[in-house]
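Worksheet for the structure shown next.
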Amino acid sequence: MSQTADVVVVGLGAMGAQTLWRLARRGVDVLGVERFEPGHAHGSSHGESRIIRTAYLEGADYVPLALGAWEAWAELSAETGAELVTRCGGLVLGRAHDPSVAGTLASARARGLRHERLDAAELSRRFPRHLLEADQVGVFEEAAGVVRPEAAIRAAVDAARAAGARVRTGCAVTRIVPDPDRPRVVVGDTEIRARHVVVTAGAWTSRLLPDLAAPLHVERRVLAWFPVDDPAAFTPDRFPVFIRDEPDGTTWYGFPSLDGATVKIAVHADAAAGPGAQRGEPADPDEGPRRPDAADAARMRLLAERIRGLGGDPVRMSACMYTMTPDEHFVIGSRPHLPGLTVAAGFSGHGYKFASIIGVALADLAETGRTSLPIGLFDPARPAVAGSLGAAG
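For what it's worth, our numbering labels the leading residue of the sequence shown as 4, then goes sequentially.
Below you can see the structure in the form of C-alpha cells.
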C-alpha cells in the first residue's frame, strides 16, 4: 500500500507539531506521523511546564530566535485560543563566575536586554523563598516564563488538522529512505512518498537515521513535584522560574506553582560535566527511561530543601529524555548524504522554548530549502558533529 504527500513530518512532538501547523496554514499538502498520541509522556516533551527565557546563557546567538519564539507562541495562542505561555520573569542564581550566571549576563549585555544583577541580600529581600549563600548572586529578567508543552503540542496538531493537514497517530515509522526526488517513509506495510521529509523524531532520531547515531546521546532526567507550605507565596507573580548553579557544579531549575499545590523542580546537569560529557544516565527510547525510585526522591529532596517552604517527599515524579549533541547546540538542516530530508534533533535539554520558531524554520526549509531565520549555529556540518554524520557529506 502506498500514499503520497508533498511533505511528511516524522514525529509530532515539540518541533514536529509546530512544523506541521506552519506547513498546513501555508496550504502545503502535509502528512504528520506520530508513534504515540500528540502530547504523550514517552519522550522529551511532557511534564506540564518548560522555561522560556530571553537572556540566553548558552550564547547570545540564541537571542534573536528567543525573541522570535515569543512572537510565534503568541500566534499559536491567538489562533487556537489556548493559554500556552505564562510570563512570570526568571531568575538565574549562583556565584558570579558560575556558567549560568556568567552566560546570562554576557548574553544580556551583548544583546542589550533588560536585566537586573542582584546580590544575595537583594535576592533574599525580593525572593525570600530561595535559601542562598552569602557569595551567591542572581540575574533577573522580566522576559521569561513558562510554556505548557503538552497543551502546545495538542493545540498545534489540532490547528494543523483544521488547516488541512493529515495526521496518523499510534503508528511507528520503521524506515526512512533518502532520495533527492521522492524520499520515502515506511509505516508498517505502507510506503509514503513525498517531495520532502522533515525528521523531528527526538530520542528516536538515531534509530531512524543511523548515520546520525554517533553524535546523539539519549539521557534520562527526573522531574519532581513538591508540596508547598503557602500556595500564595509560589504563584507566578511572586515566584519566578529559576535556574540555579550550585557550588558542586549541579545545575537545576524550577517553576512557580501552576496547580496551586506543588512546585516542580528538575536537574539539568550533574556536577563537573563539561559540554559534550555524559551528564545523565543513558536511556533507551524504545524501553523508556528508568522510572524514578527512592534514590531519585532523596536527591531531589536535598535540592528542594534549598527553597523555603518545600519539604518532605515529592508527591510525584516522572522521567523524561534529553537528546544531547557533543557541543549541546541543536542539529537543524540537511546533509548531502541524506537527500530529500531535513533533520531537527539534539535539542540537549534546552530546545522546547524555541519550538514555535523552529517550526517556522523547518517549514521554510521543507518548502524552499532555505530560511531567513538565524540557524547557522545548528548546521549539521559543523565540526563538533560533522565527523559523526557520515563521510559522504
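Positions of the beta carbon are idealized from the N, C-alpha and C atoms, including for glycine.
- CA-to-CA, the gap between PRO102 and ALA158 works out to about 35 Å.
- Taking C-alpha positions only, GLU144 is separated from VAL150 by approximately 16 Å.
- In the same chain as PRO285, and ignoring 5 residues on each side of it, the C-beta atoms closer than 8 Å to its own belong to HIS220, VAL221, GLU222 and ARG223, in chain order.
- With a threshold of 16 other beta carbon atoms within 10 Å, HIS340 falls short and is exposed.
- When only Cα atoms are considered, ALA204 and ARG38 end up about 10 Å apart.
- The beta carbon of PRO218 is closer than 6 Å to those of THR328, PRO329, VAL388 and SER391 in its chain, skipping five residues each way along the sequence.
- Boundaries of the alpha helix (DSSP H) harbouring THR371: 358-371, taken from the DSSP string.
- Distance from the CA atom of VAL190 to the CA atom of ARG293, rounded to whole angstroms, is 27 Å.
- DSSP, reduced to helix, strand and coil, places MET18 within a helical segment of the structure shown.
- The segment 59-73 and the segment 377-387 touch, with three or more beta-carbon pairs separated by less than 8 Å.
- Exposed is the label assigned to HIS100, since fewer than 16 other Cβ atoms lie within 10 Å of its Cβ.
- For ASP299, the uninterrupted alpha helix (DSSP H) run begins and ends at 297-307, by DSSP.
- If you look at ILE156, you'll find it in the alpha helix (DSSP H) that goes 152-165.
- Taking 7 Å as the cut-off, the beta carbon of VAL244 is found no closer than this to the beta carbon of ALA123.
- Each residue's CA atom was taken as its position, placing GLY50 and HIS43 some 10 Å apart.
- Looking at the backbone, the Cα of THR177 and that of LEU211 are separated by about 7 Å.
- A check of alpha carbon separations from THR374 across ILE361, PRO386 and ALA384 identifies ILE361 as the nearest.
- For GLY205, the three-state secondary structure derived from DSSP is helix.
- Between GLY291 and ARG28, the alpha-carbon positions lie close to 33 Å from each other.
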